[in-house]
Amino acid sequence: MSESDQALRGGPPALFGRHGGRGRGRSLLWHLSVIVVVLVVVYPVIWMIGTSFKPATEIVTSNRPWPLHGTLKNFSAGWDANPGVTFGHFFMNSLVISVLAVAGTLLSCSLAAYAFARLSFPGRSALFAVMVVTILLPYHVLIVPQYAIFKTFGWINTDLPVVVPKFLATEAFFIFLMVQFMRGIPKEIDDAARVDGCGPYRTFLWVLLPLTRPALITSAIFAFIWTWNDFFTQLVYFNNTDKFTVPIGLSLFVDQTGMTSYGPMMAMSILALLPVFLFFLAFQRLLVDGATSSGLKG
Amino acid sequence: MRIRVAPTRRSKLATAVIAATAVAASLTLTACGGESGGSGDGKVHLSFSWWGDASRAKSTEAAIKLFEKAHPTIEVGTQYAQFGPYNQKLATQIAGGGAPDLIQIDWGNQSQYARSNTLLDLSSGAAKVDFSGLDPAFASSGKDGDKQVALPFGQTTQSFVVDETELKSLGVPVPEAGWTWDDVATFGKAVHDRSKGEVAGLSDPGTTWAAFQSWLYQRGKDLYTKDGRLGFTQADLEGFWNFCAGLRKSGAATPANQTATLANGPAEDPLAKNTAAAEWDYDSIYASHAAANKDHLVLVPLPTVGGKTGMYAKPSMLLSVYAGSKHPKEAAELLSFLVNDPKAAGALGTSRGLFPNLGVRKSQTASATGDDKVVSDYEAANAARLSPTPTAPPKGDGQLITLMQRIYGGISFGQQSVAAGAKDFMAQAQQALAK
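Printed below as a string of structure tokens:
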């Protein structure tokens, strides 16, 4: 175990890798153990993909991850499971609120972060402390008062309760992330911008915002995934089937008191994972960029 | 020089951000505009919420369509979710003052919502409903004190779901009505022995709160007193658990690890996996059991004590009118349609249990087929064996259901003795009910 542990941490030691037989053995061992770990981690996904092609009777009775009598029926059944709307409708709804959430988060949180990191105004440190504390508030404490407010506005069953808060910098985590990042950017750059005639707004837009790009990308990825996967907020604010989103649609396949349709649920789960997977794939390179190069050094 | 160059290159990104915001803002505004065009058409807009899966959604939508056809001035918007999240959402809506006009509620939550004055009285006033077609004793399950706060939306009864195919292949006879708990032990042991230990006679009922209720009811006791306290003693609970532990040790009932899967529902429980030949459950769940099993299943009434089965007509779910509703009269009309009208019965089927209105139920029973027929026939054959329906469980009932699973689970895994577990249960249960 200790050997594979070491392998996981450091990879194959280069010292042995260059030598002949013994090094190859080590490298083989290392690869084998990595493959085993990957299999364990990936198994649920394989099972999910296999189950989505199984007929209903095979799902509970067989432990095989792959189907014996493959079928595509689960996809069509899952797509049309709800009366009046297709699952595609849920995808559109999820996509709209997720994209808006990303836009709102990037815009409002970067502005707020700029204020906390660069501008000096009375009460800044107190407000910053208050903001950080809101990260610690459990969501269930907030949901009832929020619901009451949005109901007074007449916003229930619209996208507004889910989207508008994102435009008002309520996600303290992202502000915190961006503030920390901006603090790492040398202040001299601001000074140089000021010498060139930039006010606070232009300094933000032209100098700081481009330099915080890695933090912005990290925030965008998380904002997208969190909104795409968020279940409870969307459940509470969306009432009609034609407003339902993907997480709500998926939850309807499981019912303790009724039938559970595992096949269609797995089929739709795969489709639901695709956007998150693609989004991650597209921005993964930038995410790594963000982790390795933090703006300017020296 | 460098800094000068940077802004022009980077400004593209800034423009993109601004453009995205503009698009977002305009989208937000359109969403806002779409909202206001609601009640200008002179129609009454009702909202109705229930829990269930997609197949129940289809049948319920069909019933709603029929109601709208008969009442052209009323338009019904429906909301549904899965059972667990549904109750969380409903609690939020009620606390925030925005619950739907007509609400499907769980019997376990009825007292809680009634006491906080969120449900209208259905026997008089604005939301009066004619429920003379229902069995009065059964309808009274929706009473909280003198107020009729809810009406049952389906009837279900306790039963043993038995795997007939398995028993035939083992040569063990299917138990008959009037069997006793001793017969249960013999039956379970016979299945265990003949299958060479591969199949237990029944899923261990020790974690099932409702099975304990039947056990008490057969002995003239109940889970709760009228004022919402525990209606049984520690000795009663020990008696039940000792019996269950005996079944488990002899192999007549499932071992602890299999019993734990009962909580996953019919699709993954010991009956579906063919490791038990019988299971305690409500008959309204029969269709789900049948769907998860290749074998043929039958329903058998509960074992008796002194001829009493302790079974009763239980509301599988109930309907209530929200006190904050702007249209209580129309909500009551919809409620009445859903529990009385033969057209509603035709559309709804039996996924919620037997139809509440007795006259309609009779004709539904006569024309039932498949799984529905098994359940209707079972209910009809056992109507005479039913005890009166108890009053709605007090607030805290839901916690006791999970407490029972946790503590008996611990006992069957050997972490605690029955006596120590029962003592813990009594203490924690009293705390949960006192809240």
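Chains as they are written, first to last, in my numbering: chain A, 1 to 298; chain B, 1 to 435. Quick reminder that beta carbons are idealized off the backbone N, C-alpha and C, glycines included.
Residue from the options with nearest C-alpha to residue i
{"i": "A148(A)", "options": "A384(B), W280(B), Q405(B), I94(B)", "result": "I94(B)"}
{"i": "T389(B)", "options": "E238(B), S203(B), D135(B)", "result": "D135(B)"}
{"i": "S250(B)", "options": "L66(B), K189(B), G96(B)", "result": "K189(B)"}
{"i": "G263(A)", "options": "W30(A), A117(A), W79(A)", "result": "W79(A)"}
{"i": "A81(A)", "options": "W181(B), R56(B), L335(B), W107(B)", "result": "R56(B)"}
{"i": "S261(A)", "options": "L127(A), N74(A), S27(A), S62(A)", "result": "N74(A)"}
{"i": "T180(B)", "options": "F337(B), G142(B), R219(B)", "result": "R219(B)"}
{"i": "L119(B)", "options": "A290(B), S159(B), K314(B), V321(B)", "result": "V321(B)"}
{"i": "G359(B)", "options": "S132(B), I105(B), R385(B), L90(B)", "result": "S132(B)"}
{"i": "A252(B)", "options": "D269(B), S284(B), A200(B)", "result": "A200(B)"}
{"i": "V45(A)", "options": "I59(A), I35(A), P65(A), V163(A)", "result": "P65(A)"}
{"i": "A313(B)", "options": "S387(B), K326(B), A427(B), R406(B)", "result": "S387(B)"}
{"i": "W209(B)", "options": "Q399(B), P85(B), N264(B)", "result": "Q399(B)"}
{"i": "V276(A)", "options": "F222(A), V130(A), G199(A), S33(A)", "result": "F222(A)"}
{"i": "K196(B)", "options": "Q88(B), F187(B), L170(B)", "result": "L170(B)"}
{"i": "E279(B)", "options": "L299(B), K294(B), A291(B), D295(B)", "result": "L299(B)"}
{"i": "V44(B)", "options": "R352(B), S325(B), I401(B)", "result": "S325(B)"}
{"i": "A277(B)", "options": "S288(B), T254(B), N264(B)", "result": "T254(B)"}
{"i": "M426(B)", "options": "F413(B), G410(B), L403(B)", "result": "L403(B)"}
{"i": "G206(B)", "options": "Q104(B), Y408(B), T186(B)", "result": "Y408(B)"}
{"i": "L168(A)", "options": "L39(A), V102(A), A282(A), A272(A)", "result": "V102(A)"}
{"i": "G307(B)", "options": "G231(B), F243(B), R385(B), E268(B)", "result": "R385(B)"}
{"i": "T186(B)", "options": "A331(B), L354(B), L247(B)", "result": "L247(B)"}
{"i": "L223(B)", "options": "F153(B), G310(B), S412(B)", "result": "G310(B)"}
{"i": "H192(B)", "options": "P85(B), Y86(B), L167(B), T92(B)", "result": "L167(B)"}
{"i": "T71(A)", "options": "R26(A), A267(A), T152(A)", "result": "A267(A)"}
{"i": "V164(A)", "options": "T212(A), A193(A), I135(A), V99(A)", "result": "V99(A)"}
{"i": "D242(A)", "options": "L39(A), T86(A), G50(A)", "result": "T86(A)"}
{"i": "A127(B)", "options": "Q405(B), E330(B), S417(B), A344(B)", "result": "E330(B)"}
Contact belief for residue i with residue j at Cβ below 8 Å, rounded distance in angstroms
{"i": "L151(B)", "j": "L319(B)", "result": "6 Å"}
{"i": "F224(A)", "j": "F181(A)", "result": "Actually they are not in contact, since the Cβ atoms of F224(A) and F181(A) sit about 19 Å apart, beyond 8 Å."}
{"i": "S159(B)", "j": "L302(B)", "result": "7 Å"}
{"i": "V162(B)", "j": "L334(B)", "result": "That pair is no contact at about 38 Å."}
{"i": "P394(B)", "j": "S363(B)", "result": "37 Å between Cβ atoms; not a contact."}
{"i": "M178(A)", "j": "A113(A)", "result": "3 Å"}
Beta-carbon neighbours of residue i, restricted to chain C and to distances below 8 Å
{"i": "E61(B)", "result": "The chain inventory of the structure shown lacks chain C, comprising the protein chains A and B."}
Residues sharing a beta bridge with residue i, DSSP
{"i": "T78(B)", "result": "F48(B)"}
{"i": "P315(B)", "result": "Q155(B)"}
{"i": "Q104(B)", "result": "L319(B)"}
{"i": "E279(B)", "result": "V161(B)"}
{"i": "T180(B)", "result": "T304(B)"}
{"i": "S261(A)", "result": "In the DSSP output, where bridge partners are listed per residue, S261(A) has none listed."}
{"i": "L119(B)", "result": "Y322(B)"}
{"i": "V298(B)", "result": "V162(B)"}
{"i": "K447(B)", "result": "Past the edges of chain B, shown from 1 to 435, lies residue 447(B), and the structure says nothing about it."}
{"i": "G353(B)", "result": "S351(B)"}
{"i": "Y224(B)", "result": "L230(B)"}
{"i": "A253(B)", "result": "L202(B)"}
{"i": "S387(B)", "result": "Y312(B)"}
Using a Cβ distance threshold of 8 Å, determine whether the stretch 103-117 of chain A contacts the stretch 170-187 of chain A, with at least three qualifying pairs required. yes
Taking 8 Å as the threshold, find out whether the stretch 237-251 of chain A comes into contact with the stretch 87-97 of chain A through three or more Cβ pairs. yes
Does the stretch 111-131 of chain B come into contact with the stretch 147-163 of chain B, if we say contact requires no fewer than three beta-carbon pairs (one atom in each stretch) closer than 8 Å? yes
Using a beta-carbon distance cut-off of less than 9 Å, what residues from the stretch 73-91 of chain B approach chain A? G77, T78, Q79, Y80, A81, Q82, F83, G84, P85, Y86, Q88, K89, A91
Sufficient close CB pairs (3 or more, under 8 Å) joining the stretch 230-238 of chain B to the stretch 252-259 of chain B: no
Got a sec: which bits of the stretch 131-149 of chain A sit with their beta carbon under 7 Å from any beta carbon on chain B, in order along the chain? I143, V144, Y147, A148
Would you be able to state if there are at least three C-beta pairs under 8 Å between the stretch 224-231 of chain A and the stretch 192-212 of chain A? no
Listed in chain order, which residues of the stretch 232-256 of chain A have Cβ atoms closer than 8 Å to some Cβ of chain B? F232, L235, V236, N239, N240, T241, I248, S251, L252, F253, V254, D255, Q256
With three or more beta-carbon pairs closer than 8 Å as the criterion, would you say the stretch 411-431 of chain B touches the stretch 273-292 of chain B? no
Can we say the stretch 40-53 of chain B touches the stretch 79-95 of chain B, given the rule of at least three CB pairs closer than 8 Å? yes
Are there three or more Cβ pairs, one per stretch, closer than 8 Å when the stretch 67-75 of chain B is compared with the stretch 111-130 of chain A? no
At a cut of 8 Å, does the stretch 162-182 of chain B reach the stretch 338-349 of chain B through at least three beta carbon pairs? no
Please identify, using Cβ separations under 7 Å, the residues of the stretch 208-229 of chain A that lie next to chain B, in order along the chain. L209, P210
Please determine if the stretch 374-385 of chain B and the stretch 217-231 of chain B are in contact, where contact requires at least 3 C-beta pairs separated by less than 8 Å. no
Below 8 Å, can you find three or more Cβ-Cβ pairs linking the stretch 146-160 of chain A to the stretch 234-241 of chain A? yes
What residues in the stretch 127-148 of chain B bring their beta carbon closer than 8 Å to a beta carbon of chain A? none
Which residues, in order along the stretch 47-58 of chain B, keep a beta-carbon less than 9 Å from a beta-carbon of chain A? S47, S49, W51, G52, D53, A54, S55, R56, A57, K58
Identify each residue in the stretch 181-194 of chain A for which the Cβ-Cβ distance to at least one residue of chain B is less than 9 Å, and report them in chain order. I189, A192, A193
Can at least three beta-carbon pairs, one atom from the stretch 367-375 of chain B and one from the stretch 284-293 of chain B, be found at a separation below 8 Å? yes
Selection of the stretch 92-105 of chain B by Cβ proximity to chain A, strictly under 9 Å: T92, Q93, A95, G96, G97, G98, P100
Listed in chain order, which residues of the stretch 315-336 of chain B have Cβ atoms closer than 7 Å to some Cβ of chain A? none
Contact residues within the stretch 285-299 of chain B, judged by C-beta distance below 8 Å to chain A: I285, A287, S288, A291, A292, K294
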